[in-house]
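Encoded as structure tokens, the structure appears first; notes follow it.
Protein chains in written order, with the numbering used here: chain A, 1 to 223; chain B, 1001 to 1240.
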């Protein structure tokens, strides 16, 4: 067990990378999910078709495939665009490829979460707001969104739980996240069991803390 | 883009497709076999066994599949005493490591799915079973389990897709599955997207087949609930 101690700073740095990746990925996913939900709900036929294509296609692809596609394909695409625009070489680091792919994947799931939350609110709510003379924007901000929060939270929490574990696959394209660090150290020290065991514990703690946080928020909102 | 290379190498992808499909299918079947007793142990508390099952479920659902796979493939081989047992015949093969890990992972998720479905059994069914004089064991086997499997169908469908997608990590430990074939093609011809894009399309097609198959199953076994008229969206398996 004590063999872990000298490597604790490295592992901690890896944990920070993992958490940052997960949080930024969640941020991008939330933005994409919000745009997607708006596109399906209020837009015209074209935007609904585009969003449906996005959610259906993205949800058919495994996270690891998406990560590699974005990393290798995205790099090539950047080079091709760069050649046309006359930029210097632009590189796509594994971290940002990871944020991009995780955002893309879970944005598709959050689109459904947000859309479901919106549809769970009776239309009489916005009709009543209108009757009271509230404008469109105020209705959305003061009447619809607070109620949506309650319906969206369980789905949102679930996406976060899956997303955190999804970050592990980004280590495959060479990111020095928790899993990547433990893999390197474990191999060089010939103690893979010990270091992957440490990784399991870190993920379990993240899951446990997240569970607590979301349970607290849900309790607050419910009352 | 050089799509002709993909077509010239179609046997590679066909083999990969077969590997992915039968690895996933086996893992799901073994997982379900684990889940049935485990789900009952979660509900009917038995000393020692029930807490063990709780721990198993929490561990496998709370950590990434990739790390679980590394743990079995790299982690276990570090111990000489494991290398000396019969288990080493299986554990030195990447394929068996993947199957064992995936089955255990899928088993943990399926346990939670089944537990929920069993707990959701209508009280009337239980009362009727008792009134007919069935013993508790018989109630579990004849009433609760078949009903729970039916109710769990939509979530088991989601879990199937989840496992199918999760199985892509097998390519990291040298298994030539769909993604393995795509990476192989990319590496051999020094390509950026072709192999990966083909892999992505193949995964989409298999996903479509799985979703359609489960829709058909649901239409048959959940007819009394008129599930086919309700709009369904694919969700992630519930984690909490």
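Yeah, the Cβ is synthetic: ideal placement off N, Cα and C, and Gly gets one too.
Looking only at C-alpha atoms, which of the options sits nearest to residue i?
i, options, result
"residue 1092/B", "1105/B, 1069/B, 1217/B, 1023/B", "1069/B"
"residue 193/A", "1048/B, 1071/B, 1049/B", "1071/B"
"residue 166/A", "186/A, 64/A, 174/A", "64/A"
"residue 1196/B", "1174/B, 1178/B, 1126/B", "1178/B"
"residue 1198/B", "46/A, 44/A, 25/A, 61/A", "61/A"
"residue 208/A", "1059/B, 1067/B, 1021/B", "1059/B"
"residue 13/A", "196/A, 56/A, 182/A", "182/A"
"residue 112/A", "52/A, 77/A, 16/A", "52/A"
"residue 1073/B", "1057/B, 1046/B, 1102/B", "1102/B"
"residue 210/A", "163/A, 122/A, 108/A", "163/A"
"residue 1187/B", "72/A, 6/A, 38/A", "72/A"
"residue 1064/B", "1106/B, 1012/B, 1051/B, 1028/B", "1106/B"
"residue 56/A", "116/A, 139/A, 108/A", "108/A"
"residue 18/A", "220/A, 58/A, 202/A", "202/A"
"residue 30/A", "85/A, 149/A, 66/A", "149/A"
"residue 1147/B", "1119/B, 1023/B, 1216/B, 1035/B", "1119/B"
Over what stretch of residues does the alpha helix (DSSP H) that includes residue i continue unbroken?
i, result
"residue 111/A", "94-119"
"residue 187/A", "178-189"
"residue 125/A", "123-131"
"residue 1015/B", "1010-1043"
"residue 1173/B", "Here residue 1173/B belongs to no alpha helix (DSSP H), and DSSP marks it neither H nor E."
"residue 1166/B", "1153-1166"
"residue 1071/B", "Run containing residue 1071/B: none; DSSP gives neither H nor E here."
"residue 1101/B", "1094-1119"
"residue 1051/B", "1049-1062"
"residue 165/A", "145-166"
"residue 9/A", "8-41"
"residue 1204/B", "1194-1221"
"residue 75/A", "74-85"
"residue 196/A", "192-222"
"residue 3/A", "Looking at the DSSP string, residue 3/A is not in any alpha helix (DSSP H), and its letter there is neither H nor E."
"residue 1124/B", "1123-1131"
"residue 55/A", "45-59"
"residue 1081/B", "1080-1083"
"residue 134/A", "It is not in any alpha helix (DSSP H) - residue 134/A carries neither H nor E in the DSSP assignment."
So is residue i buried or exposed if we call it buried at 16+ other beta carbons inside 10 Å?
i, result
"residue 205/A", "exposed"
"residue 81/A", "exposed"
"residue 1138/B", "exposed"
"residue 1183/B", "buried"
"residue 94/A", "buried"
"residue 42/A", "exposed"
"residue 1/A", "exposed"
"residue 1041/B", "buried"
"residue 1190/B", "exposed"
"residue 1008/B", "exposed"
"residue 125/A", "exposed"
"residue 1127/B", "exposed"
"residue 1086/B", "exposed"
"residue 8/A", "exposed"
"residue 114/A", "buried"
"residue 1159/B", "buried"
"residue 127/A", "exposed"
"residue 160/A", "buried"
"residue 1229/B", "Legend: pLDDT at residue 1229/B = 48, less than 50; position of this residue unreliable, value from coordinates given subsequently. Exposed, by the Cβ-count rule."
"residue 131/A", "exposed"
"residue 213/A", "exposed"
Which residues in chain B have a C-beta closer than 9 angstroms to the C-beta of residue i? List them in chain order.
i, result
"residue 72/A", "1186, 1191, 1192, 1193, 1196"
"residue 186/A", "1070, 1074, 1075, 1078"
"residue 137/A", "Simply none; closest approach about 28 angstroms."
Using a cut-off of 7 angstroms between C-beta atoms, extract the partners of residue i located in chain A.
i, result
"residue 1101/B", "Those within 7 angstroms of residue 1101/B in chain A number zero; the least Cβ separation is about 12 angstroms."
"residue 1078/B", "190, 191, 192, 193"
"residue 1236/B", "109, 158, 159, 162"
"residue 1243/B", "This structure cannot settle anything about residue 1243/B, because the visible part of chain B is limited to 1001 through 1240."
"residue 1209/B", "Those within 7 angstroms of residue 1209/B in chain A number zero; the least Cβ separation is about 11 angstroms."
Determine the chain A residues that contact residue i at a beta-carbon separation under 8 angstroms, and present them in chain order.
i, result
"residue 1041/B", "Per Cβ cutoff of 8 angstroms: no residues; residue 1041/B is ~21 angstroms from chain A at best."
"residue 1204/B", "57, 60, 61"
"residue 1179/B", "62, 64, 65, 68"
List the whole-angstrom C-beta distance separating residue i from residue j, where the pair is believed to meet the contact cut-off of C-beta under 8 angstroms.
i, j, result
"residue 1032/B", "residue 1099/B", "Rounded, the Cβ-Cβ distance is 14 angstroms, inconsistent with contact."
"residue 106/A", "residue 25/A", "7 angstroms"
"residue 179/A", "residue 199/A", "6 angstroms"
"residue 1176/B", "residue 1015/B", "6 angstroms"
"residue 32/A", "residue 98/A", "Between residue 98/A and residue 32/A the Cβ distance is about 15 angstroms, and since that is not below 8 angstroms, they are no contact."
"residue 1114/B", "residue 1039/B", "4 angstroms"
"residue 1161/B", "residue 1021/B", "13 angstroms between Cβ atoms; not a contact."
Give me the chain B residues within the contact set of residue i, using Cβ-Cβ distance strictly less than 7 angstroms, ordered along the chain.
i, result
"residue 68/A", "1196"
"residue 168/A", "1064, 1066, 1067"
"residue 76/A", "1192, 1193"
"residue 207/A", "1062"
Under 8 angstroms Cβ-Cβ, which residues of chain B neighbour residue i?
i, result
"residue 203/A", "1062, 1063, 1064, 1067"
"residue 179/A", "1064, 1066, 1067, 1070"
What does residue i reach in chain A if we use C-beta pairs closer than 9 angstroms?
i, result
"residue 1006/B", "Neighbours of residue 1006/B on chain A: none; closest Cβ ~14 angstroms, over 9 angstroms."
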